[in-house]
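Colleague:
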Amino acid sequence: MPIIRYFVFVGGLLLALLFAAEWYLPAPAERAGPSDPDRSIIRIASARSLPEKIVFDTSPRADLPTMAQADPLPEKPKQQVREALAAMPAAPAVEVKKEAPARVSSGPRPHPKRWAKLQKRTPDRRLAFERPGPFAGGWW
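Residue 58 in our numbering sits at position 74 of the sequence shown, and the numbers go up by one each step.
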């Protein structure tokens, strides 16, 4: 595979260059010690002032009228529903007749015609985006 050979060749070349650079270049200078950051206080003042704080009052209000309780709905007895369903006329029953499948005669089966030459099939005309296949679009 050419791509694997490429990576092996270029990787080996880069590794060889890394070893050559380490051999020929001087070692980095050691630091004397950790440098202390400037610990002076920095104060930033702005010419603009922030907007005033907004306070939302979420306490319940006392001046609202209380909601009146509604009378409960009377429950209808289920017996009336049963009586209404019993009084309805019954739907007529539909009978389904099953016919036996027609039997084919036990004579010899006709063989399909065999052509001397195979006919060339004309390809279906399709648009470019209707191609079947993994890269035909629509699945990503």
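The beta carbon of each residue, even a glycine, is placed where N, CA and C say it ideally should be.
(1) Give me the Cα-Cα distance between Gly130 and Pro18, rounded to the nearest whole angstrom.
(2) Please report the straight-line C-alpha distance between Ala11 and Ala4, rounded to a whole angstrom.
(3) Suppose you measure from the CA of Arg110 to the CA of Lys104; what does that come to, to the nearest Å?
(4) Check Pro(-14) in the structure and name its three-state DSSP category.
(5) If you draw a straight line from the C-alpha of Glu59 to the C-alpha of Pro49, how long is it?
(6) Helix, strand or coil: which one does DSSP assign to Glu67?
Modeller: From the atom records:
(1) Because the chain is modelled from -15 through 124, residue 130 falls outside the range shown and cannot be assessed.
(2) Stepping through the sequence shown from its first residue, residue 11 is reached at position 27. Stepping through the sequence shown from its first residue, residue 4 is reached at position 20. Taking the straight line from one Cα to the other gives about 13 Å.
(3) For the purposes of this step, residue 110 is taken as the residue at position 126 of the sequence shown. For the purposes of this step, residue 104 is taken as the residue at position 120 of the sequence shown. Roughly 18 Å separates the two Cα atoms.
(4) By 1-based counting over the sequence shown, the position of residue -14 is 2. It is helical.
(5) Within the sequence shown, the letter at position 75 stands for residue 59. Within the sequence shown, the letter at position 65 stands for residue 49. Approximately 30 Å between the Cα atoms of the pair.
(6) In the sequence shown, residue 67 corresponds to position 83, counting from 1. Residue state, collapsed to three classes: helix.
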